[in-house]
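Q:
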Ligand SMILES: [Zn+2]
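Chains as they are written, first to last, in the numbering used here: chain A, 287 to 760; chain B, 29 to 521.
In structure tokens:
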């Protein structure tokens with residue numbers, strides 16, 4: 287029998303607010319342990335939470351970007367459980383009345399477009415971090431009470447590839463909406479995958495397991511593939527799948543059981559009496575909507591209609607918010623959208639792909655790229671030289687001006703100089719001159735090539751062509 | 029009368045007249061502590077005498093410079109030991125927090141610092157404010173100044189007994205289901221629980237967040253108004269805090285003619301003989317003063333007590349989860365982290381606290397939530413509606429504060445819930461979030477004080493204060509002082 291996999295994702299994204307969600311502490315990453323803390327995020331006796339308004343604005347923005355319905359009335363609840371990284375022994379989260387409900391996202395995967403339903407997005411606080419040392423386990427509460435949103439999808443994905451594409455698309459949307467920096471290496475984006483299998487054609491769902499805390503797209507893909515295989519082989523052996531919480535172990539590439547349903551926590555959710563229900567007026571929601579940054583769909587349309595980019599170029603640029611931002615920055619100093627798109631999508635992407643780098647890791651700025659394109663536009667260097675300069679910039683981080691002058695790359699545009707070289711070439715190649723004069727147009731190509739060779743490619747071929755024709759027609 | 033037995037308003041006036049100094053008041057209070065602390069108790073932590081005197085000295089300097097900050101400036105007071113005081117240990121009367129020194133101040137304490145009050149010490153209480161006799165203190169003891177064989181009431185027993193015995197001029201307590209009014213009634217002083225949200229809760233160690241409210245315990249309702257003016261303030265660190273304009277002391281007046289007082293006769297009937305007689309006399313007094321009595325019939329008493337214990341225990345089970353020995357307080361190590369939790373909490377919490385945590389955990393558990401917690405929230409709404417309806421007919425509600433007067437310490441109750449059913453008059457004000465006061469209205473045959481409860485509509489503190497003020501103008505129950513052992517013969521005025 288053939289089995290299909292059914293996947294739903296819970297995505298945790300850290301919001302990029304300046305301060306934490308219930309206190310004024312900084313959210314900056316990488317501070318000394320336990321320095322971005324106060325009585326509130328340490329859960330000191332008597333301390334009380336105050337909801338960060340910016341965090342509410344951000345989750346509403348995320349909800350609007352993901353086509354959700356925004357609740358006029360929502361509340362914060364307590365999720366009770368003991369763990370040393372949770373100083374209050376409860377997490378402030380949302381239970382039955384989240385800020386956002388019923389959205390969707392269209393993704394491209396397996397050569398088709400799919401719609402993934404979004405059940406809800408709720409706001410919650412992060413926990414601290416356990417640090418295991420030889421001397422014992424320590425807790426760093428810098429991350430405690432950082433603002434998180436949890437985006438819960440419907441079980442709408444049918445392959446690991448779709449799940450990864452969905453996760454990537456969510457990341458892209460959050461970046462475009464400017465609500466999270468989504469830095470996966472800092473844990474700002476984490477995935478929980480709910481996985482079940484069922485025979486193709488079956489309408490009902492199989493028993494699902496939940497793989498917790500996957501912190502990269504690669505891990506997401508591998509864990510789902512592994513879990514699919516595991517469940518299929520269990521079914522084929524006639525074993526029953528248990529509802530379980532699992533953890534992906536990256537070093538052994540295996541799945542480890544955390545707990546089964548029988549010993550699942552009873553979180554005893556109840557409304558947090560320290561926080562009032564949140565009432566969002568339609569005016570507030572409209573205000574957030576009106577201040578939304580441009581989302582990928584909108585940008586794509588603009589690129590095609592106003593910039594005359596191809597559908598493909600527009601798609602490539604808007605599928606990657608950093609690339610898109612880089613592109614728009616280039617345009618600020620070099621207003622030729624089509625040429626710039628070509629350079630960014632083809633030349634720059636080739637370099638990035640070769641070295642497996644991200645746009646944000648580029649050693650030069652968008653204005654440097656713009657300067658390079660200006661040099662080509664003005665004819666100072668050729669397009670071909672430009673590609674070499676770009677590769678150098680990529681390698682060294684030096685500015686285009688610096689590279690051009692250091693390598694003496696500028697095209698010879700001094701006519702007197704070129705005429706001298708042209709005269710020499712004509713004198714040295716009488717046969718070709720004769721051919722041209724006898725009507726063999728093609729002979730000019732050879733002569734141009736000789737001039738280019740003599741200038742080591744630094745001449746503008748078009749100017750050379752003109753100079754030679756004038757001389758030959760004299 | 030000795031300085032330590034005088035009401036705040038009087039001492040304040042004497043300070044302004046410069047007929048006494050803040051140091052003299054502090055000295056007398058310290059002297060009384062020396063006399064009464066062994067028998068009445070009431071404190072968990074008493075500050076260094078040097079520290080107290082320095083604080084009083086500063087007031088005297090301000091007075092000399094004509095810059096007295098408030099009517100509280102220079103007045104010695106006690107804080108219930110559930111209010112965080114930076115650098116001064118704050119225990120909630122629990123073994124778990126016996127070594128806990130806060131790194132920050134509760135907002136109410138900040139207000140009193142700014143007003144120039146002289147903190148004398150941290151008052152004893154039932155552990156985590158759970159109890160009505162102050163017999164659940166794990167770290168100290170408190171007895172009734174009128175008869176030290178009897179209980180002071182709880183949970184703000186220390187806040188009440190210290191004021192009643194002259195070991196503080198006023199104090200702050202907290203009231204979740206009657207914890208200010210009950211001990212005030214037992215000790216014959218004035219206790220006031222403001223409207224929920226009136227006094228900031230930031231830095232007050234929570235028992236039940238939706239019910240807790242800080243308020244003053246004083247010797248005179250005029251003192252209450254003065255203290256309320258200093259602590260009823262908006263706090264942006266407390267999301268439930270309200271913005272209220274206050275000028276209670278200034279606006280105090282005793283013209284209560286035409287005020288409508290709601291009385292549910294069944295509540296008065298439920299009390300012991302002495303209490304009933306005193307309350308009925310008080311009702312007559314109000315009539316004499318031109319008030320109109322309106323018959324009320326609250327049919328919510330039974331569900332009210334159940335709802336109160338379900339909601340308060342549910343919130344407490346979550347609020348007290350943080351006392352796990354991880355980041356502060358006492359830790360009792362175990363083999364692993366679970367053992368450490370179990371050891372710490374089993375050792376650190378007393379039986380009453382454990383009982384409430386278990387009860388609260390149970391009512392929030394899946395499968396029981398709807399039958400208990402959700403039902404209790406519905407009852408809460410119903411009780412609020414009952415009061416809304418009552419306040420259509422009257423300006424305040426009058427009842428006894430307690431069923432009986434202070435009883436013998438150590439008296440074992442048959443069943444823990446018997447104690448729960450004994451405080452049936454006070455929790456309704458917390459459930460409905462309303463302001464409520466307990467004022468002295470008489471003495472039982474055995475000499476123990478009797479309290480009268482007045483409940484007002486939301487934010488109608490002034491109405492309650494005026495009612496109590498008018499009553500105290502016409503009566504002298506609040507002027508009586510218990511005899512303190514070791515008291516000197518030469519009384520001064
Ligand atoms: Zn903080």
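The beta carbon of each residue, even a glycine, is placed where N, CA and C say it ideally should be.
1. For a cutoff of 9 Å on Cβ pairs, would you count residue 375/A as touching chain D?
2. Residue 71/B and residue 186/B: beta carbons closer than 9 Å?
3. Short of 8 Å Cβ to Cβ, which residues in the region 217–248 of chain B face chain A?
4. Determine which residues of the region 471–500 of chain A have a Cβ less than 9 Å from any Cβ of chain B, and write them out in chain order.
5. Specify whether the region 446–457 of chain B and the region 206–213 of chain B touch according to this definition: at least 3 beta carbon pairs, one from each stretch, less than 8 Å apart.
6. Just to check, is the beta-carbon of residue 328/A closer than 8 Å to a non-hydrogen atom of ligand 1?
7. Locate the beta strand (DSSP E) running through residue 535/A, then write down its first and last residues.
8. For a contact defined as C-beta to C-beta under 7 Å, what are the partners of residue 370/A on chain B?
9. Could you tell me the alpha carbon to alpha carbon distance between residue 324/B and residue 411/B, rounded to whole angstroms?
10. Take the Cβ of residue 109/B as the centre, count every other Cβ of all protein chains shown within 10 Å, and call the residue buried at 16 or more, exposed below.
11. Does residue 354/B come out as helix, strand or coil in the three-state DSSP assignment?
12. Compare the C-beta of residue 360/B with all C-beta atoms of chain A and state if any pair is closer than 9 Å.
13. Return yes when the Cβ of residue 489/B is within less than 9 Å of the Cβ of residue 274/B, no when it is not.
14. With distances taken Cα to Cα, identify the nearest neighbour of residue 268/B among 392/B, 427/B, 241/B, 470/B.
15. Around the Cβ of residue 378/A, are there at least 16 other Cβ atoms within 10 angstroms (buried) or fewer (exposed)?
16. Does the Cβ of residue 551/A have 16 or more other Cβ atoms within 10 Å, making it buried, or fewer, making it exposed?
17. Please compile the residues from chain B whose C-beta is within a distance smaller than 7 Å of the C-beta of residue 775/A.
18. What does a CB cutoff of less than 8 Å around residue 283/B pick up in its chain, not counting 5 residues either side in sequence?
19. For residue 296/A, list the residues DSSP reports as bridge partners.
20. Residue 393/B touches chain A at which residues, Cβ-Cβ below 7 Å?
21. Who are the near neighbours of residue 489/A in its chain, counting only those whose CB is closer than 7 Å to its CB and skipping five residues on each side?
22. Is the shortest distance between the beta-carbon of residue 761/A and the beta-carbons of chain B less than 9 Å?
23. To which residues of the same chain is residue 606/A closer than 6 Å at the C-beta, ignoring the five residues directly before and after it?
24. Starting from the beta carbon of residue 265/B, find every residue of chain A whose beta carbon is closer than 7 Å, and list them in chain order.
25. Starting from residue 239/A, follow its DSSP beta bridges and name the residues at the other end.
26. How is residue 248/B classed by DSSP in three states: helix, strand or coil?
27. Looking at ligand 1, does it come within less than 8 Å of residue 323/A, judged from the CB to the closest heavy atom?
28. Are there 16 or more other CB atoms within 10 angstroms of the CB of residue 293/A, so buried, or fewer, so exposed?
29. Could you tell me whether the Cβ of residue 592/A comes closer than 9 Å to any Cβ of chain B?
30. Is the beta carbon of residue 571/B sitting closer than 9 Å to the one on residue 358/B?
31. Can you name the residues of chain B whose CB is closer than 7 Å to the CB of residue 559/A?
32. So who's on the other strand from residue 171/B, going by DSSP bridges?
33. Along the beta strand (DSSP E) that carries residue 106/B, what are the first and last residues, could you check?
34. Compare the C-beta of residue 330/A with all C-beta atoms of chain B and state if any pair is closer than 9 Å.
35. Is the CB of residue 115/B under 9 Å away from at least one CB in chain A?
36. Counting only C-beta atoms, is residue 130/B closer than 9 Å to chain A at any point?
A: With the structure as the only source:
1. Protein chains in the displayed structure are A and B, and chain D is not among them.
2. yes
3. 229, 230, 231, 232, 233, 234, 236, 237, 238
4. none
5. yes
6. yes
7. 530–535
8. 354, 365
9. 13 Å
10. buried
11. coil
12. no
13. yes
14. 241/B
15. buried
16. exposed
17. With chain A covering only 287 through 760, there is no way to say anything about residue 775/A.
18. 494, 498
19. 438/A, 478/A
20. 552, 554
21. none
22. Since the displayed chain A opens at 287 and closes at 760, residue 761/A lies outside it and no answer follows.
23. none
24. 334, 336
25. There is no way to answer for residue 239/A, as the model of chain A reaches only from 287 to 760.
26. coil
27. yes
28. buried
29. no
30. Given a span of 29 to 521 for chain B in the structure shown, any question on residue 571/B remains unanswerable.
31. 237, 238, 343
32. 179/B
33. 104–108
34. yes
35. no
36. yes
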